[in-house]
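**Student:** I am attaching a structure below and will ask some questions about it afterwards.
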Amino acid sequence: HNSFDRISGYLVETFLGEGRFGKVARCLKLKTNEKMALKIVRTDLDEDKNNLVRMTEYFRHKGHYCLVFEMLDTSLHDLMKERNSKPLCLSGIRVISQQMLVALNALKSIGLLHTDIKPDNVMLVNHKLQPFRVKLIDFGLAATVSTMFLGTIQALGYRAPEVILGLPLDEAVDMWSLGCVLAFLKNKEFSVPKWRFHPTVNLLKRMLHVDCKKRISPSEALGHRFITMRHLPRHTHDRSYVTRTTPIIPHNFTRSSKCPSFLILF
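Read in UniProt numbering, the sequence shown has 56 at position 56, and its numbers run on one by one without any break.
Shown next as structure tokens:
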């Protein structure tokens, strides 16, 4: 542990343990000669790559802890308000879906639940320059699966059945909330009969499965045909509606590098 021998005024004597999120070290505070326990938290997740808000620093001011984050644009809630609740096109919903699934997959990889996914907590990065580029924010209610408590979590309209019933909870609660967010973006249009067998509705049904054990996982959803577009004819990448905007979704998530998935407008 030579790289940790001295950390901002602390001398690391030995490491006491290591968990999923980091290490705990026994340290000597050099200014006071006090023995202290120091938690060193891992930051393995790339915030930009995994569509998570980036914290740049934190400090204490007059007894308050202040966290500094990157400046983002506007929330999905405010976007829909500006549109007078006019439904988003499927191109927008597809790219938002993919990015949030990547975010949830990253959180699942470290055993973390967000527990408060709603339109207010999905932020557009810069809607004018990067249409539908989004990040997940507000981890104030986040918890690990092992420490997840029974109780009232999640906004009412985005609350999973198992939360309401007081059942054991896992990452599936976030998939339920994300499904509700995607339905919100289409604003009741999915209730029209013509949507019944559409790939979008199929994905939503699997995200909103009442049985959390049968609910689709983030990694499974990333391979769903709504995201990959493998159900579409090969020639669609030549259509004008495919080439209207700049791609965001990585090519490896699509059925063809010539046809980035968020560009399909139907």
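Cβ atoms here follow ideal geometry from the backbone N, Cα and C, with glycine treated the same way.
What residue range is occupied by the uninterrupted alpha helix (DSSP H) comprising leucine 182?
**Tutor:** Looking at the DSSP string, the run of the alpha helix (DSSP H) that includes leucine 182 is 172-186.
**Student:** What residue range does the beta strand (DSSP E) around alanine 37 cover?
**Tutor:** Looking at the DSSP string, the run of the beta strand (DSSP E) that includes alanine 37 is 34-41.
**Student:** Compute the Euclidean distance between the alpha carbons of histidine 64 and glycine 140, then round it to the nearest angstrom.
**Tutor:** Rounded to the nearest angstrom, the two C-alpha atoms are 15 Å apart.
**Student:** Going along the chain, which residues of its own chain have a beta-carbon closer than 7 Å to the beta-carbon of arginine 159, five neighbours each way excluded?
**Tutor:** So the list is empty, once near-sequence residues are dropped.
**Student:** When DSSP labels each residue in this structure, what does proline 131 get in the three-state scheme?
**Tutor:** Three-state result, proline 131: strand.
**Student:** Got a sec, what are the start and stop residues for the alpha helix (DSSP H) threonine 14 sits in?
**Tutor:** Here threonine 14 belongs to no alpha helix (DSSP H); instead the beta strand (DSSP E) covers 10-18.
**Student:** Using CA atoms only, rank isn't needed, just tell me which of Ser219, Arg133, His198 and Arg196 is closest to methionine 175.
**Tutor:** Ranking Ser219, Arg133, His198 and Arg196 by Cα distance to methionine 175 puts Ser219 first.
**Student:** By DSSP, does phenylalanine 59 sit in helix, in strand, or in coil?
**Tutor:** The answer is strand: DSSP assigns phenylalanine 59 an E or B state.
**Student:** Can you list, in chain order, the residues of its chain whose CB lies under 7 Å from that of histidine 50, leaving out five sequence neighbours each side?
**Tutor:** According to the sequence displayed, residue 50 carries asparagine and not histidine. Contacts found: Val102, Ala103 and Ala106.
**Student:** Which residue marks the beginning of the alpha helix (DSSP H) containing residue 279, and which one marks its end?
**Tutor:** Lying outside 1 to 266, the shown extent of the chain, residue 279 is not represented and no answer is given.
**Student:** Any chance you could list the alpha helix (DSSP H) runs of at least 4 consecutive residues sitting entirely within the region 43-113, in chain order?
**Tutor:** Those alpha helix (DSSP H) runs which fall completely within the region 43-113 and span 4+ residues are 76-82 and 90-109.
**Student:** Report all residues from its chain with a CB closer than 7 Å to the CB of glycine 22; omit the five preceding and five following residues, and keep chain order.
**Tutor:** So the list reads Lys39, Ile40, Val41 and Arg42, once near-sequence residues are dropped.
**Student:** Once DSSP output is grouped into helix, strand and coil, what is the label at valine 24?
**Tutor:** Of the three classes helix, strand and coil, the one that applies to valine 24 here is strand, per DSSP.
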